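Q: One structure, pasted below without further comment.
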Amino acid sequence: GMRGIVFDLDGVLTDTAEYHYQAWKALGEKIGIPFDRAFNENLKGISRMDSLERILELGHKENDYTQAEKEILASDKNEHYKELILEITPKDLLPGIKAFIEAAKARGLRLALASASKNGPVILERLGMTDYFEAVVDPSTLEHGKPDPEIFTKGAELLGLPAEECVGIEDAQAGIAAINAAGMFSVGVGSAESMKEADLFVESTADLDLDEIMRAAAA
Ligand code: B16
Ligand code: MG
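This is the structure:
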């Protein structure tokens, strides 16, 4: 049976996409690459440096900066982002997620975090959720980002569980692909259209039902 759940953070526990958007948008404007919320969808679940590359490509400026200059741009964005996430409180947990996690703990399930964000531990702390998680994958130890399965494989490993005994929960298509490739049961949060690769999907975190997921994952 299922013994663990490996969670994505942004878009599953809380919605930091808006803060990422504000920080990247400010950077984009500074370097002459304005973009809107729709473009920001392309950055969900994507690592910091890969997000910067996508923005530079949008402005056809990917060859205008050295690697060292790119690191500075990414670090400027992150400093701004870190100021913004200081505003996060437990009220920013997405609907139903706290009850879902408490139900999972009550069942004795082991929980891990598989976020591409290097700010994951700070955000968990701000949300008051640190103690629920036995393991947090450190994204700086990874060779490949989502959709590569590495981050989910590591999450299961840190829990000491085989991937087949874990459920993964994600809001990004790249994340669902990563969970599937890791050999876990995938649960998607999002529209039917964007979550069509998921083994099971819900439109909102408020609809996550532990009994239903456990039944479906065991089937
Ligand atoms: P950071 P997730 C991802 O988190 C975000 O969705 C993505 O927009 C962000 O660029 C990435 O983390 C890296 O974040 O700059 O804080 O290290 O969805 O994998 O929880
Ligand atoms: Mg996400």
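One rule links them: number in UniProt numbering = place in the sequence shown (from 1) + 20.
The beta carbon of each residue, even a glycine, is placed where N, CA and C say it ideally should be.
Computed from a prediction, not measured in an experiment: that's the story for all the values here.
When the Cα of Cys186 is compared with those of Gly128, Asn83, Leu106, Asn98, which residue comes out closest?
A: The option with the nearest alpha carbon to Cys186 is Gly128.
Q: Return yes when at least one heavy atom of ligand 2 lies under 7 Å from the C-beta of Lys138, else no.
A: Checking every heavy atom of ligand 2 against the Cβ of Lys138, none is found closer than 7 Å.
Q: Per the DSSP calculation, Leu113 is bridged to which residue(s)?
A: DSSP lists Thr34 as partners of Leu113.
Q: Below 8 Å between beta carbons: does that hold for Leu72 and Lys90?
A: Yes; because the gap between Cβ atoms is below 8 Å, this pair is in contact.
Q: Select from Pro115, Phe153, Glu107 the residue whose C-alpha is nearest the C-alpha of Ala124.
A: Closest option to Ala124, Cα to Cα, is Phe153.
Q: Would the C-beta of Gly210 count as close to ligand 1, meaning under 7 Å from any of its heavy atoms?
A: Because no heavy atom of ligand 1 lies under 7 Å away, the Cβ of Gly210 does not count as near it: no.
Q: Under 7 Å: does the beta carbon of Glu99 sit that close to some heavy atom of ligand 2?
A: The answer is no for Glu99.
Q: Quick check: the stretch 214 to 230 against the stretch 138 to 157, are at least 3 beta-carbon pairs closer than 8 Å?
A: Contact between the stretch 138 to 157 and the stretch 214 to 230 is absent, because fewer than three Cβ pairs lie under 8 Å.
Q: Do you know whose CA, among Glu82, Ala37, Asp28, lies nearest Ile51's CA?
A: Taking only the C-alpha atoms, the option nearest Ile51 is Glu82.
Q: Please give me, in chain order, every unbroken run of the beta strand (DSSP E) with length at least 3 that falls completely inside the stretch 103 to 185.
A: If we require 3 residues or more, the beta strand (DSSP E) runs fully inside the stretch 103 to 185 come out as 130 to 133.
Q: Give a yes or no on contact between the stretch 188 to 206 and the stretch 39 to 51, applying the rule of three or more CB pairs nearer than 8 Å.
A: Counting Cβ pairs under 8 Å, fewer than three are found: no touch.
Q: Taking Gly24 and Ala192 to be in contact with their CB atoms under 8 Å, please state how far apart those CB atoms are, rounded to whole angstroms.
A: That belief does not hold up - the Cβ atoms of Gly24 and Ala192 are roughly 20 Å apart, past 8 Å.
Q: On the three-state DSSP scale, how would you describe Glu223?
A: Glu223: coil per DSSP, three-state reduction.
Q: Cβ-heavy atom distance between Arg146 and ligand 1 below 7 Å?
A: Arg146 Cβ: outside cutoff for every heavy atom of ligand 1.
Q: Going by DSSP in three states, Ile25 sits in which element: helix, strand or coil?
A: The answer is strand: DSSP assigns Ile25 an E or B state.
Q: Got a list of residues with beta-carbon closer than 5 Å to any non-hydrogen atom of ligand 2, in chain order?
A: Taken from the N-terminal end onward, the list reads Asp28, Asp30, Gly31, Gly65, Asp191, Ala192.
Q: So, are the CB atoms of Leu33 and Leu162 less than 8 Å apart?
A: Not closer than 8 Å, so no.
Q: Which residue from Leu63, Ser67, Pro54 puts its Cα closest to that of residue 13?
A: No information on residue 13 is available, as it lies outside the stretch 21 to 239 that the chain covers here.
Q: Could you give the residue range of the beta strand (DSSP E) that holds Lys208?
A: Residue identity differs from the one stated: residue 208 is Gly in this sequence, not Lys. 205 to 209 is the extent of the beta strand (DSSP E) around Gly208.
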